[in-house]
Amino acid sequence: MTLRSTLARVTAKSSYWLLHDVLHRGGTSLPGKLAVSIDPNILTKIQQDFELIIVTGTNGKTLTTALITRVLQAGGYTVITNPSGSNMIQGITGTLVTANVKPSPNGKKPIAVLEVDEANVEKIAAAMKPKMFVLTNIFRDQLDRYGEIYTTYDKIIAGIKHAPEAVVLANGDSPIFTRGDFTNERKYFGFNHIQPADYNPTVAPINTDGILSPTDHSVLEYDFITYANLGKYFSTTDNFARPKLNYQVTSITDLTPKYSTFSIDDTPLRIEIGGLYNIYNALTAFAVGREFNVDPEKIKTAFESNAQIFGRQEALHVDGKDVTIVLIKNPVGTNSVIDMMVTEKDDFSLLALLNANYADGIDTSWIWDAEFEKLHDTHIKAVATGGERYKDLRVRLKMAGFPDQAVYEDLTQIVTAIKALPTDKVYIAATYTAMLQLREQLGAAGYIKGGF
Amino acid sequence: MANFEISVAHLYGNLMNTYGDYGNIIALTYYAKQIGVAVNYHLVSLGDNFDADSFDFALFGGGQDYEETIVAKDLKNKADQVRHYIENDGPLLAVCGGFQLLGHYMVMADGTKVDGIGVMDHYTTNMHDPKLTTLNNKRLTGNIVIKNNDTAETYHGFENHQGRTFLGENERALGTVISGNGNNGMDKTEGVIYRNVYGSYFHGPIFTRNGNLAKRVLATTLSRKYPEVDWADKLDQIETETF
Chain A
169 MTLRSTLARV TAKSSYWLLH DVLHRGGTSL PGKLAVSIDP NILTKIQQDF ELIIVTGTNG
229 KTLTTALITR VLQAGGYTVI TNPSGSNMIQ GITGTLVTAN VKPSPNGKKP IAVLEVDEAN
289 VEKIAAAMKP KMFVLTNIFR DQLDRYGEIY TTYDKIIAGI KHAPEAVVLA NGDSPIFTRG
349 DFTNERKYFG FNHIQPADYN PTVAPINTDG ILSPTDHSVL EYDFITYANL GKYFSTTDNF
409 ARPKLNYQVT SITDLTPKYS TFSIDDTPLR IEIGGLYNIY NALTAFAVGR EFNVDPEKIK
469 TAFESNAQIF GRQEALHVDG KDVTIVLIKN PVGTNSVIDM MVTEKDDFSL LALLNANYAD
529 GIDTSWIWDA EFEKLHDTHI KAVATGGERY KDLRVRLKMA GFPDQAVYED LTQIVTAIKA
589 LPTDKVYIAA TYTAMLQLRE QLGAAGYIKG GF
Chain B
717 MANFEISVAH LYGNLMNTYG DYGNIIALTY YAKQIGVAVN YHLVSLGDNF DADSFDFALF
777 GGGQDYEETI VAKDLKNKAD QVRHYIENDG PLLAVCGGFQ LLGHYMVMAD GTKVDGIGVM
837 DHYTTNMHDP KLTTLNNKRL TGNIVIKNND TAETYHGFEN HQGRTFLGEN ERALGTVISG
897 NGNNGMDKTE GVIYRNVYGS YFHGPIFTRN GNLAKRVLAT TLSRKYPEVD WADKLDQIET
957 ETF
């Protein structure tokens with residue numbers, strides 16, 4: 169370590185201490201900026217302290233990163249990780265330079281597990297030498313900001329090419345990850361929970377992206393689909409098919425809104441969160457853990473003893489009502505939430521909140537690609553809509569066959585809205601900034617501890 | 717109620733569906749159902765035959781660049797039938813990429829020129845075209861409001877496109893831009909009307925946010941198939957969603 173990089177690190181740590189411990193402000197961007205201004209090569213220099221795993225993709229980055237962290241810790245590694253809001257270059261630099269890296273209890277090198285925004289993968293990979301890229305999925309997401317799925321993947325590939333020695337551990341159920349002209353070793357995880365006798369050849373629903381074969385651009389068929397365009401695909405015109413899986417979900421026992429039980433490579437597992445998509449997150453963490461030689465039994469314990477990390481799906485009580493808050497931000501994520509509601513056995517009400525600020529995506533068209541019609545397959549008893557773009561959502565749900573809705577133009581009425589719903593169980597589905605506003609209101613009313 | 721039904725072709729609905737375009741069919745179906753009309757949905761995609769005479773309405777949506785190039789190749793095989801459908805006054809809504817591919821050609825952001833089928837007279841250059849006099853190298857993204865000069869109706873939507881479309885001589889705009897950019901940011905036109913074809917860059921989708929237009933196109937569709945009924949009158953009696 170040179171004098172310059174030591175100075176960069178000390179400055180970053182001091183500013184982090186000042187911000188965090190004295191001023192009680194979160195954030196790692198400023199320390200990152202300071203460190204880079206003193207030593208532009210700081211990332212390259214500190215990489216020798218640890219192995220680096222980059223986690224990227226559209227949905228599930230945050231939870232997957234948290235799960236991988238717990239799994240590796242259970243395997244005796246010291247792990248550095250970034251808060252979900254700090255997944256771009258400045259925040260990541262800040263996280264790394266301010267970390268106090270202690271030796272791993274298992275004697276191996278510590279590991280940095282970083283959630284990285286898709287567009288920032290190249291910058292990180294160019295500055296450091298990742299040991300592994302973990303690719304969750306790529307779905308259409310806020311096209312006004314991110315662009316198309318193949319453009320997004322190209323950005324990730326540009327990063328992968330900086331580290332040809334790194335293993336690319338990807339979701340094999342997503343056809344897009346069979347593409348890419350990089351030479352890295354590829355390993356895949358996916359679902360194989362359905363027996364061949366029960367295969368039901370099908371094509372993806374029309375509102376699904378990424379369904380063309382990379383060989384001859386024909387429409388792929390599937391032996392089964394888990395959700396969206398994920399599943400066991402094959403081409404009807406040539407030999408292209410889903411690659412062989414290194415890690416697989418071998419059975420699913422129970423899908424409920426609060427927990428799921430399933431087996432990966434015949435290890436029975438349980439996670440304290442509903443939704444098939446969350447089993448993918450667990451599968452990803454399992455695969456990473458096994459790649460770093462963490463014992464399956466330790467992974468099982470890591471999943472079961474860390475219930476609090478499943479934070480995005482938040483449960484609280486509002487005057488006797490059992491309220492679950494879920495984030496919705498794109499069609500695939502929303503459909504996954506609706507699929508989860510299908511597994512709800514009790515009567516419930518839905519309060520759906522739509523904003524269209526920059527962080528939500530300013531184009532609301534995506535709500536028409538989410539299949540709200542499927543709510544008719546649930547025990548839903550009432551629908552209410554709100555948020556700054558309540559008009560869009562009201563018409564969407566009206567045209568989906570829910571003509572009677574309470575409408576809340578103003579989120580200051582949120583507690584009233586919840587109380588007015590007829591069921592004890594309430595789901596609130598909100599876009600990002602609507603969720604922040606909602607939390608602020610619930611905090612002010614004393615239903616969320618600490619508020620905002 | 718009498719048994720009325722319409723057949724809807726969703727052209728390349730599995731590939732050209734990027735911005736909620738299917739919502740247009742949801743809206744059409746919503747209004748149709750209230751006046752006792754059933755809507756039968758048909759996906760017409762790669763390798764499928766498009767039999768113009770068996771459809772009463774068609775939607776051709778927008779897609780991502782990669783899918784659009786694959787669709788453009790396949791569309792050539794359907795060009796004669798699409799032309800026949802349009803010249804026979806078949807009602808068609810074409811959005812974004814679909815709108816572009818009915819014209820002579822479109823140029824992608826990277827400069828790749830993709831042939832359209834030229835059944836309509838417009839063409840589309842890209843945002844880097846040196847002939848542009850404004851907003852060069854910029855995507856046209858944001859809320860948009862236009863006014864239909866034939867009907868004085870106002871339409872609201874969201875545009876997000878890099879392509880710049882210029883209308884042909886026998887085409888007129890769907891509307892004049894009140895706020896936003898429209899077809900090319902230069903001539904205040906948005907979309908196209910040609911016979912019963914409506915083209916637009918509007919997402920939102922256009923029929924969901926502009927029930928007046930959805931009902932107008934539905935009335936045209938139904939009057940073409942069942943001329944003995946006063947469809948406009950029936951549609952006037954149900955609530956119009958506009959936002």
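Line by line, the protein sequences are chains A and B.
Going by the numbering used here, the first sequence opens with residue 169, and the numbers climb by one from there.
Going by the numbering used here, the second sequence opens with residue 717, and the numbers climb by one from there.
Cβ coordinates follow ideal geometry from the N, Cα and C atoms, glycine included.
Remember, it's a predicted structure, so these values are computed and weren't measured experimentally.
- Task: Starting from the C-beta of B:Ile954, find all residues in its chain whose C-beta is less than 6 Å away, skip the five residues before and the five after it, and write them out in chain order.
- Result: Here the set comprises Gln750.
- When the Cα atoms are used, what is the spatial distance from B:Val724 to A:Tyr356? Those two C-alpha atoms are separated by around 40 Å.
- A:Lys468 by DSSP, collapsed to three states: which one? Reduced to three states, the DSSP call for A:Lys468 is helix.
- Item | Reference A:Asn461, options A:Val575, A:Ile222 and A:Val239, closest by Cα | Ranked by how close their Cα comes to the Cα of A:Asn461, the residues A:Val575, A:Ile222 and A:Val239 have A:Val239 in first place.
- Query: Touch check for the region 812–820 of chain B and the region 913–924 of chain B: three-plus C-beta pairs under 8 Å?
  - Reply: Yes: the two stretches touch, three or more of their Cβ pairs being nearer than 8 Å.
- Whose Cβ in chain B lies nearer than 7 Å to the Cβ of A:Trp534? What A:Trp534 touches in chain B: Gly736.
- Item | Chain-ordered residues of the region 862–893 of chain B with a beta carbon less than 7 Å from chain A | Closer than 7 Å at the C-beta level to chain A, one finds these residues of the region 862–893 of chain B: Phe874 and Asn876.
- Residue-chain proximity (A:Ile496, chain B), Cβ-Cβ < 8 Å: False, the Cβ-Cβ gap to chain B never drops below 8 Å.
- Task: Could you pull out every residue in the same chain whose Cβ sits closer than 6 Å to the Cβ of B:Arg799, ignoring the five residues on either side in sequence?
- Result: For B:Arg799, where only same-chain residues beyond five positions count, the Cβ hits under 6 Å are Val835.
- Would a check of beta-carbon distances place B:Gly920 closer than 8 Å to chain A? When Cβ-Cβ separations below 8 Å define contact, B:Gly920 makes contact with chain A.
- Task: Tell me, please, whether the region 891–899 of chain B touches the region 784–793 of chain B by the rule of three or more beta-carbon pairs shorter than 8 Å.
- Result: Short answer: they don't touch.
- Can you tell me whether A:His485 is buried or exposed, with buried defined as 16 or more other CB within 10 angstroms of its CB? Under a 10 Å Cβ-count criterion, A:His485 is classified as exposed, with fewer than 16 other Cβ atoms of the shown protein chains found around its own Cβ.
- Any Cβ of chain A within less than 8 Å of the Cβ of B:Glu721? No - not a single Cβ of chain A is within 8 Å of the one on B:Glu721.
- Item | Beta carbon proximity, B:Tyr910 to chain A, threshold 8 Å | Not closer than 8 Å to any Cβ of chain A, the Cβ of B:Tyr910 fails to qualify, so no.
- Counting only beta-carbon atoms, is B:Asn793 nearer than 8 Å to chain A? So no, B:Asn793 is outside the interface.
- Report the three-state DSSP secondary structure of A:Arg410 (helix, strand or coil). Secondary structure of A:Arg410 (DSSP, three-state): coil.
- Interface residues of chain B around A:His385 at Cβ under 7 Å? Residues of chain B with a Cβ closer than 7 Å to the Cβ of A:His385 are, in chain order, Ile786.
- Task: Note down the Cα distance separating B:Met884 from A:Gly340, rounded to an integer number of angstroms.
- Result: Sequence inspection shows Gly at residue 884 of chain B; the Met mentioned does not correspond to that position. Computed Cα separation, rounded: 47 Å.
- Excluding sequence positions up to five away, which residues of its chain have a Cβ less than 8 Å from the Cβ of A:Ala585? Scanning its chain for C-beta atoms nearer than 8 Å, with the 5 sequence neighbours on each side dropped, one finds around A:Ala585 the residues Leu519, Ala552, Gly554, Ala574 and Tyr576, in chain order.
- Task: Specify whether the region 765–781 of chain B and the region 406–414 of chain A touch according to this definition: at least 3 beta carbon pairs, one from each stretch, less than 8 Å apart.
- Result: With a cut-off of 8 Å, the region 406–414 of chain A and the region 765–781 of chain B do not count as touching, because too few Cβ pairs lie within range.
- Query: Going along the chain, which residues of the region 315–327 of chain A sit with their C-beta nearer than 9 Å to a C-beta in chain B?
  - Reply: So the close ones are Gly315, Glu316, Ile317, Tyr318 and Thr319.
- What residues are listed by DSSP as bridge partners for A:Tyr356? Under DSSP, A:Tyr356 forms a beta bridge with A:Ala338.
- In chain order, each beta strand (DSSP E) run of at least 3 residues that lies wholly inside the region 486–527 of chain A: The region 486–527 of chain A contains these whole beta strand (DSSP E) runs: 489–495 and 516–521.
- Task: Would you list, in sequence order, the uninterrupted beta strand (DSSP E) runs of no fewer than 3 residues that lie entirely inside the region 579–603 of chain A?
- Result: With a minimum length of 3 residues, the continuous beta strand (DSSP E) runs that stay inside the region 579–603 of chain A are 593–598.
- Message: Cutting at 6 Å between CB atoms, please list the residues of its own chain near A:Leu521, excluding the five before and the five after it.
- Response: If we look at A:Leu521 and ignore the five residues flanking it on each side, its Cβ neighbours are Gly554, Gly555, Ala598 and Ala602.
- Item | Contact under 8 Å by Cβ, B:Leu775 with B:Asn719 | Contact flag unset, no.
- Task: Please go through the same chain and pick out, in chain order, the residues whose beta-carbon is closer than 8 Å to the beta-carbon of B:Tyr942, but skip the five residues on each side of it.
- Result: Phe720, listed in sequence order.
- Query: Is there at least one Cβ from chain B nearer than 8 Å to A:Met567's Cβ?
  - Reply: For A:Met567, the answer is yes, since a Cβ of chain B falls inside 8 Å of its Cβ.
- Message: With a threshold of 8 Å on Cβ separation, who are the neighbours of A:Val335 within its own chain once the five nearest residues in sequence on each side are excluded?
- Response: These residues qualify, in order along the chain: Lys299, Met300, Phe301, Asn352, Glu353, Arg354, Lys355 and Glu459.
- Task: Locate the beta strand (DSSP E) running through B:Ile722, then write down its first and last residues.
- Result: First-last of the beta strand (DSSP E) with B:Ile722: Phe720 to Leu727.
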